[in-house]
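Below is one structure, written out as structure tokens; comments come after it.
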Amino acid sequence: MRSKLQVLVMLSFLVAVQLIALAITPAISATDSRVFEDPGSIYNPLFYVLIILIFTAALLLAMRLIGEWLISRFIQISIAVTIFFVISAFVPLWPALLSTLAVMLLLHYYPEWYILDAFGILICAGVSSLLGLSMAVLPVIILLAVLAVYDAISVYKTRHMISLAEGAIRMKVPLLFIVPKSRDYSFRRRNEDAIHQGGGTGERERGAYFLGLGDAIIPTILVVSASWSYPSSGLPGPNLPALGAMLGSYAGFLILMTIARGRPQAGLPFLNSGVILGFLAGCLAAGLRPF
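In structure tokens, the structure reads:
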């Protein structure tokens, strides 16, 4: 059973992602970068889910037929683009390119758990902010509901999400948060350590727990969307709908950690339910119509 300290560490990753995503949202918004031209279209989440299905199928097929080295390179390029996108919102082109190159070299030559965790937070915050700015609240809630169902199917039925998480661990790519069980744990030297993936959240009794980045990204999309879709409360910090979404996601995470004992668990049904209910509670407290 995971200790209270490890649960708090994993929760702190989610908190950090949401706070940083909210902090960088104004800068990313100023770049006019959006995934979808019409944030209010209900077709946006369907298109996003279709992309996820195609991407997942391509990854699984490539792992079987081509080998993990090509997948690893593709993921590294995707991560580099994401990091560059976040950094370039704050600094000019060349410093952003050099900073991205330095980050990727560090991730490649020294993929220790705390390095992966630090840049995992940055990646999650950037992706969450971009997607949250690209969709209004209703499409986001549709997206979260569909992904919660998909996550449950991919973990409990097809189990392909578990295979993807195991592949990410073997390739040592920053797609997972890592929480060691002991101070002497080293991800670089690990040999078939624990699996604890969100969107497939589970564990093996070895050296560390793993939490998928998707468990931080997906609920944070609603937090960011709510923060720009509704007026400010006039107080420092997020408005009540966004704050309610944040608190709801934490509650969902703690429930997930309570029941995830020694076997894979789908994280998004708990996290997405929590963030949606928290958002609705925030709207009620603020006297706002949610849609």
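Oh and the sequence shown: position 64 is 64 in the working numbering, straight run, nothing missing. Even glycine gets a Cβ: it sits at the ideal position worked out from N, Cα and C. Please read all numbers here as calculations on a predicted model, not as lab measurements.
Looking only at Ala21, Ile115, Gly282, Pro26, the smallest Cα-Cα distance to Ala125 is reached by Ala21. The shortest CA-to-CA distance from Tyr43 to any of Val103, Leu138, Leu97, Leu61 is the one to Leu138. One Cα belongs to Ile24, the other to Lys4, and the distance between them is close to 30 Å. DSSP places Ala266 in the coil class of the three-state scheme, outside both helix and strand. Annotated three-state conformation of Leu14 is helix, per DSSP. In the three-state reduction of the DSSP assignment, Tyr230 falls in the coil class, being assigned neither a helical nor a strand state.
Fewer than three Cβ pairs drawn from the segment 46-55 and the segment 273-290 lie within less than 8 Å of each other, which leaves the two stretches out of contact. In the displayed model, Tyr185 falls within coil according to three-state DSSP, outside both helix and strand. Residue pairing by DSSP places Ala208 opposite Pro180 in a beta bridge. If only complete runs of 3 or more residues are kept, the segment 112-186 shows the beta strand (DSSP E) at 176-180, in order along the chain. Under the three-state reduction of DSSP output, Phe55 falls in the helix class.
Between Ala148 and Ala266, the gap from beta carbon to beta carbon is short of 9 Å. Cβ-Cβ distances below 8 Å link Thr100 to Ala80, Ile83, Phe84, Ile87 in the same chain, with the five nearest sequence neighbours on each side left out; the list follows chain order.
Our two residues, Arg73 and Val173, have alpha carbons roughly 9 Å apart in a direct line. The C-beta of Asp151 has 16 or more other C-beta atoms within 10 Å across all chains shown, which makes the residue buried. Taking a contact as a CB-CB distance under 8 Å, the pair Val17 and Ser128 counts as one, their CB atoms being some 6 Å apart. Between Phe270 and Gly244, the C-beta spacing is not below 9 Å. If you look at Gly40, you'll find it isn't in any alpha helix (DSSP H); DSSP assigns it neither H nor E. CA-to-CA, the gap between Ser232 and Met246 works out to about 15 Å. In the structure shown, Arg64 falls within a helical segment according to DSSP collapsed to helix, strand and coil. Taking 9 Å as the cut-off, the Cβ atoms of Leu175 and Gly212 count as close.
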